[in-house]
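Enquirer: Following this message is one structure expressed as structure tokens.
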Amino acid sequence: MVAPSDSATSKVTRVLLVDDHPVVREGLAESINRESDLMVCAQAEDHRGALRAIEGSHPELVVVDLMLRDSSGMELIKDIRARWPRLLILVVSMHDETLYAERVLRAGAQGYITKQQATHDILLAIRRVLGGGIYLNERTASAVLARLAAKPQAASHAIPDLLADRELEVFELTGRGLSTREIAGQLRIDVKTVDTYRARIREKLNLKTSSELLQLAIRWNQGRRQA
């Protein structure tokens, strides 16, 4: 009897990349494909393309950005979790992980890492998730655990808990000083949609004017950076 070769018995994990920047996708794909046990089986640039790719290529892990052409990556995560409950998801994004990591985990992903991290760290995150673990960097994990340990009545008044995913994105970008048009461009939504989100934010936070919203958003962003 001829013994099976290592190549015949070794398992190669199929990875789907979802990012609306081709250069980012190709760079990450090149790094992943260098690993003998990993293979990028498909790529997609938007929500609909990702769902088609999952159905057609049957990945075991989806690596997704939070900003896509046709929707929020958060919505894609929720959609994937509803349709494919066992499919693993890792978020690789430019967003501040201390702000979005907990939301990503609640939506159904198994990890969060920023694009600023080295390729080695991203591969480490991929392997952690594939191994059945949760990946967050040490600082983010500590912050998430601290929030989970906080008293319920105190946590309920935290701004992130009061706002929906898109509202929080608009609030954060407002605090960075971006104009309505700049926010619309970055989130790839209509200017009027940004105004709608801001109106909802003011209502939820009991703010009367856009000026009050701007001042609160700036103070909140500054407070997070100093924490």
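Residue numbers (this note's numbering): 1 to 227. Backbone N, C-alpha and C define an ideal beta-carbon position, used for all residues, glycine too. This structure is a prediction, so every number in the text was calculated from the model and none was measured.
Roughly how many whole angstroms lie between the Cα atoms of SER179 and LEU76?
Expert: Between SER179 and LEU76, the C-alpha separation is close to 26 Å.
Enquirer: Between the C-alpha atoms of LEU163 and ALA199, what's the straight-line distance to the nearest angstrom?
Expert: C-alpha separation (whole angstroms): 12 Å.
Enquirer: Just mark MET1 as buried or exposed, buried being the case when its beta carbon has 16 or more other beta carbons within 10 Å.
Expert: Reliability of the predicted coordinates at MET1 is poor, the pLDDT of 42 falling under 50, and the value obtained from them is presented with this limitation in mind. Burial call: exposed.
Enquirer: By Cβ distance below 8 Å, which residues in the same chain neighbour LEU173 in space, the five residues on each side in sequence not counted?
Expert: Result list for LEU173: GLU182, ILE183, GLN186 and LEU187, in chain order.
Enquirer: Quick one: what's got a C-beta closer than 6 Å to LYS192's C-beta in the same chain, skipping five residues either side?
Expert: If we look at LYS192 and ignore the five residues flanking it on each side, it has no Cβ neighbours.
Enquirer: Just verifying my parser: in three-state terms, what is the DSSP assignment at ALA101?
Expert: DSSP places ALA101 in helix when its eight states are reduced to three.
Enquirer: Can you tell me whether SER72 is buried or exposed? The criterion is at least 16 other CB atoms within 10 Å of its CB, across all chains shown.
Expert: Its Cβ being crowded by 16 or more others within 10 Å, SER72 is buried.
Enquirer: Shortest alpha-carbon distance to ASP70 belongs to which of ARG176, SER57, LEU88 and VAL18?
Expert: Considering only alpha carbons, the answer is VAL18.
Enquirer: What does the alpha-carbon distance come out to for the pair ILE201 and GLU167?
Expert: Computed Cα separation, rounded: 6 Å.
Enquirer: According to DSSP, is GLY49 part of a helix, a strand, or is it coil?
Expert: Residue state, collapsed to three classes: helix.
Enquirer: For GLU138, which residues of its own chain have a beta-carbon under 8 Å away from its beta-carbon, when the five flanking residues on both sides are left out?
Expert: Excluding positions up to five away in sequence, the list is empty.
Enquirer: From GLY177 to ILE218, what distance separates their C-alpha atoms?
Expert: Distance between the alpha carbons of GLY177 and ILE218: 8 Å.
Enquirer: Can you grab the Cα-Cα spacing for the pair LYS208 / ASN221, in whole Å?
Expert: Roughly 20 Å separates the two Cα atoms.
Enquirer: Checking 8 Å against the spacing of the C-beta atoms, do ASP20 and GLU55 come in under that value?
Expert: No. Outside cutoff.
Enquirer: Give the secondary structure of LEU173 by DSSP, where H, G and I count as helix, E and B as strand, and everything else as coil.
Expert: Looking at LEU173 - three-state DSSP - the assignment turns out to be helix.
Enquirer: DSSP three-state call for ARG14: helix, strand or coil?
Expert: If DSSP states are grouped into helix, strand and coil, ARG14 belongs with the strands.
Enquirer: How long is the line joining the alpha carbons of LEU16 and ALA29, rounded to whole angstroms?
Expert: Going by the C-alpha atoms only, they are around 9 Å apart.
Enquirer: Strictly by DSSP, which residues pair up with THR114?
Expert: In the DSSP output, where bridge partners are listed per residue, THR114 has SER93.
Enquirer: Looking at the structure shown, is LEU130 part of a helix, part of a strand, or coil, going by DSSP?
Expert: In this structure, LEU130 counts as helix in the three-state DSSP scheme.
Enquirer: Compute the distance between the beta-carbons of THR119 and MET94, then report whether it is under 8 Å.
Expert: Not a contact, by the Cβ cut-off of 8 Å.
Enquirer: Report yes or no: do the stretch 33–51 and the stretch 96–104 share at least 3 C-beta pairs separated by less than 8 Å?
Expert: Flag = no, the stretch 33–51 and the stretch 96–104 do not touch.
Enquirer: Determine whether the beta carbon atoms of LEU90 and VAL40 lie at a separation below 8 Å.
Expert: No, they are not a contact pair.
Enquirer: What does DSSP give as the partner residues of TYR135 in its beta bridges?
Expert: Paired residue(s): GLY111.
Enquirer: Take GLN108 and list the residues in its own chain whose beta-carbon comes closer than 8 Å to its own, dropping the five residues that flank it on each side.
Expert: First, the amino acid is wrong: residue 108 is Gly here, not Gln. ILE77, LYS78, ILE80, ARG81 and ILE89.
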